[in-house]
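Novice: Structure incoming, see below.
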Amino acid sequence: MRRLFPVTDRPDDREWSLAELAAAYAYPEPRPGEPVAWVRANMVSTLDGAAQHDGRSQPISNATDMRIFGTLRALADVVVVGAETVRQEGYRPARARAEFAGLRKAAGQGPAPAIAVVTASLDLDFSLPLFTSPLVPTLILTGAAAAPDRIVAAEKAGARVVVAGDGVGVEPARAVRALAELGYTRLLTEGGPRLLGQLVAAGVLDELCLTVSPMLTAGDAQRIAGGPSVAVPQRFALASLLEEAGFLFSRYRRS
Numbered sequence: 241m242r243r244l245f246p247v248t249d250r251p252d253d254r255e256w257s258l259a260e261l262a263a264a265y266a267y268p269e270p271r272p273g274e275p276v277a278w279v280r281a282n283m284v285s286t287l288d289g290a291a292q293h294d295g296r297s298q299p300i301s302n303a304t305d306m307r308i309f310g311t312l313r314a315l316a317d318v319v320v321v322g323a324e325t326v327r328q329e330g331y332r333p334a335r336a337r338a339e340f341a342g343l344r345k346a347a348g349q350g351p352a353p354a355i356a357v358v359t360a361s362l363d364l365d366f367s368l369p370l371f372t373s374p375l376v377p378t379l380i381l382t383g384a385a386a387a388p389d390r391i392v393a394a395e396k397a398g399a400r401v402v403v404a405g406d407g408v409g410v411e412p413a414r415a416v417r418a419l420a421e422l423g424y425t426r427l428l429t430e431g432g433p434r435l436l437g438q439l440v441a442a443g444v445l446d447e448l449c450l451t452v453s454p455m456l457t458a459g460d461a462q463r464i465a466g467g468p469s470v471a472v473p474q475r476f477a478l479a480s481l482l483e484e485a486g487f488l489f490s491r492y493r494r495s
């Protein structure tokens with residue numbers, strides 16, 4: 241992996257260690273007056289803008305992308321994901337990784353991040369390992385008008401239900417505040433595109449880690465963010481850029 245930015249670094253072709261990746265992607269320390277929570281997204285896109293191929297992101301990824309994916313998870317307090325992504329990608333609980341145990345302990349974190357599923361309907365299979373055998377109880381983010389029987393089913397499966405909206409759905413800003421109140425201030429979302437679009441529209445996204453895959457897929461695959469457009473495009477600044485075998489691993493932060 242070669243680091244191309246900042247330009248003061250000398251590029252090299254060696255593979256970065258996990259410790260170096262963790263340092264490069266460390267969450268920023270909040271400055272006085274800034275929000276405590278930091279919302280980071282991690283997505284992959286092809287050259288022609290596809291966020292998936294055949295409904296999944298794995299075909300457009302590579303081994304280094306997955307190493308960064310694992311590093312970002314290891315740095316997070318909680319991974320926020322949409323219900324459709326849970327269903328399509330076959331989400332499992334985050335696992336503890338010995339390589340990051342010391343780093344997480346020093347940061348006051350548990351052995352693995354929690355998974356928080358954003359869902360209005362709670363139409364989920366609560367017999368899956370994500371709910372029955374996580375190291376940290378899985379969170380369900382939903383609205384106050386969610387079906388009571390589905391809330392009972394989620395809690396019976398061991399999930400913790402967090403109300404983050406007055407209606408059926410979830411209000412992104414309220415979800416961020418609710419997670420921060422539970423002690424989850426380092427947030428990572430892995431999609432899907434609908435959830436990322438909601439975070440963008442609500443103005444709560446602080447950072448985007450985007451892998452640009454050197455592939456073309458055509459077709460009608462989703463972009464990394466969907467839903468209604470924002471009134472004024474939001475400007476982010478490039479924080480770092482890595483390259484390997486034509487894959488670009490970029491990191492943008494709110495300007």
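Just so we're aligned, residue 241 is where the sequence shown starts under this note's numbering, counting upward by one. By construction, the Cβ of each residue, glycine as well, lies at the ideal position given by its N, Cα and C atoms.
#1: Report the three-state DSSP secondary structure of T378 (helix, strand or coil).
#2: Buried or exposed, going by whether 16 or more other CB atoms sit within 10 Å of the CB of M283?
#3: In the DSSP assignment, the beta strand (DSSP E) including L482 goes from what residue to what residue?
#4: For the pair the stretch 431-441 and the stretch 315-328, tell me if three or more CB-CB distances fall below 8 angstroms.
#5: E324 lies in the alpha helix (DSSP H); which residues open and close that run?
#6: Under the assumption that V444 contacts V470 (Cβ atoms under 8 angstroms), give the Cβ distance between them as a whole number of angstroms.
#7: Check M306 in the structure and name its three-state DSSP category.
#8: Of the choices V403, R493 and W278, whose alpha-carbon is the least far from that of A387?
#9: Can you tell which of V357, A420 and P468 has the C-alpha that lies nearest to the C-alpha of D317?
#10: Given that a residue counts as buried once 16 or more other Cβ atoms are within 10 Å of its Cβ, and exposed if not, what is G330?
#11: Helix, strand or coil for R426 per DSSP?
#12: Are L375 and A336 close, meaning C-beta to C-beta below 8 angstroms?
#13: Assuming F340 contacts A314 (C-beta within less than 8 angstroms), just tell me the rounded distance between them.
#14: Would you check if the stretch 483-492 and the stretch 448-455 touch, i.e. whether three or more CB-CB distances between them fall below 8 angstroms?
#15: To the nearest angstrom, report how far apart T304 and E483 are at their CA atoms.
#16: Taking the beta strand (DSSP E) that F340 belongs to, which residues open and close that run?
#17: Classify D363 as buried or exposed, calling it buried when 16 or more other Cβ atoms lie within 10 Å of its own Cβ.
#18: Are A399 and T425 closer than 8 angstroms when you measure CB to CB?
#19: Nearest to C449 by alpha carbon, out of G467, A479 and P473?
#20: If you count every other CB in all the chains shown that lies within 10 Å of the CB of A418, and 16 or more means buried, which is it?
#21: Going by the DSSP bridge assignment, what does Y492 pair with across the sheet?
#22: So who's on the other strand from S453, going by DSSP bridges?
#23: Measuring only the C-alpha atoms, how far is A397 from P333?
#24: Run the CB neighbour count on T248, radius 10 Å, all protein chains shown included, and call it buried at 16 or more, exposed below.
#25: Taking 8 angstroms as the cut-off, decide whether the C-beta atoms of A465 and A290 are in contact.
#26: Under a three-way DSSP split, which group does A393 fall into?
Specialist: Taking the coordinates as given:
#1: By one-based count along the sequence shown, residue 378 stands at place 138. Looking at T378 - three-state DSSP - the assignment turns out to be coil, as it is neither helix nor strand.
#2: On the sequence shown, position 43 is the one that residue 283 refers to. By the 10 Å Cβ count, M283 comes out buried.
#3: The residue you call residue 482 lines up with position 242 of the sequence shown. Run containing L482: F476 to E484, per the beta strand (DSSP E) assignment.
#4: yes
#5: Start at 1 with the first residue of the sequence shown, and residue 324 comes out as number 84. Note, E324: alpha helix (DSSP H), A323 to E329.
#6: Along the sequence shown, read from residue 1 onward, the residue named residue 444 stands at position 204. Along the sequence shown, read from residue 1 onward, the residue named residue 470 stands at position 230. Not quite, the Cβ-Cβ distance comes to about 12 angstroms (not below 8 angstroms), so this is no contact.
#7: As a first step, residue 306 is located in the sequence shown; it is residue number 66 there, counting from the start. Note: M306 maps to helix in three-state DSSP.
#8: By 1-based counting over the sequence shown, the position of residue 387 is 147. Closest option to A387, Cα to Cα, is V403.
#9: For the purposes of this step, residue 317 is taken as the residue at position 77 of the sequence shown. Minimum Cα distance to D317 is reached at A420.
#10: Against the sequence shown, residue 330 aligns to sequence position 90. So G330 counts as exposed.
#11: Translated into the one-based positions of the sequence shown, residue 426 becomes position 186. Three-state DSSP puts R426 in a strand.
#12: Against the sequence shown, residue 375 aligns to sequence position 135. Against the sequence shown, residue 336 aligns to sequence position 96. In contact: L375 and A336 (Cβ atoms closer than 8 angstroms).
#13: The sequence position of residue 340 within the sequence shown is 100, counting from 1. The sequence position of residue 314 within the sequence shown is 74, counting from 1. With a Cβ gap of about 4 angstroms, F340 and A314 count as contacting.
#14: yes
#15: Position 64 of the sequence shown, counted from the first residue, corresponds to residue 304. Position 243 of the sequence shown, counted from the first residue, corresponds to residue 483. Between T304 and E483, the C-alpha separation is close to 10 angstroms.
#16: By 1-based counting over the sequence shown, the position of residue 340 is 100. Segment: none, F340 is in no beta strand (DSSP E) and carries neither H nor E.
#17: On the sequence shown, residue 363 is found 123 positions in, with the first residue counted as 1. Label assigned to D363: exposed.
#18: Position 159 of the sequence shown, counting from 1, holds the residue named residue 399. Position 185 of the sequence shown, counting from 1, holds the residue named residue 425. Against a cut-off of 8 angstroms, the Cβ pair of T425 and A399 comes out as no contact.
#19: Translated into the one-based positions of the sequence shown, residue 449 becomes position 209. Out of G467, A479 and P473, A479 has the C-alpha closest to the C-alpha of C449.
#20: Sequence index remark: in the sequence shown, residue 418 carries index 178 (1-based). Burial call: buried.
#21: For the purposes of this step, residue 492 is taken as the residue at position 252 of the sequence shown. Partner(s): L448 and L478.
#22: Taking the sequence shown and counting its residues from 1, one reaches residue 453 at position 213. DSSP, once it has assigned bridges, lists T286 as partnering S453.
#23: Position 157 of the sequence shown, counting from 1, holds the residue named residue 397. Position 93 of the sequence shown, counting from 1, holds the residue named residue 333. Those two C-alpha atoms are separated by around 14 angstroms.
#24: One-based indexing of the sequence shown puts residue 248 at position 8. Residue confidence for T248 is low, a pLDDT of 39 falling below 50, so the modelled location carries little weight; the figure read from the coordinates is stated next. Its Cβ having fewer than 16 others within 10 Å, T248 is exposed.
#25: Translated into positions along the sequence shown, residue 465 becomes position 225. Translated into positions along the sequence shown, residue 290 becomes position 50. Against a cut-off of 8 angstroms, the Cβ pair of A290 and A465 comes out as no contact.
#26: Here residue 393 corresponds to residue number 153 of the sequence shown, with the count starting at 1. Note: A393 maps to helix in three-state DSSP.
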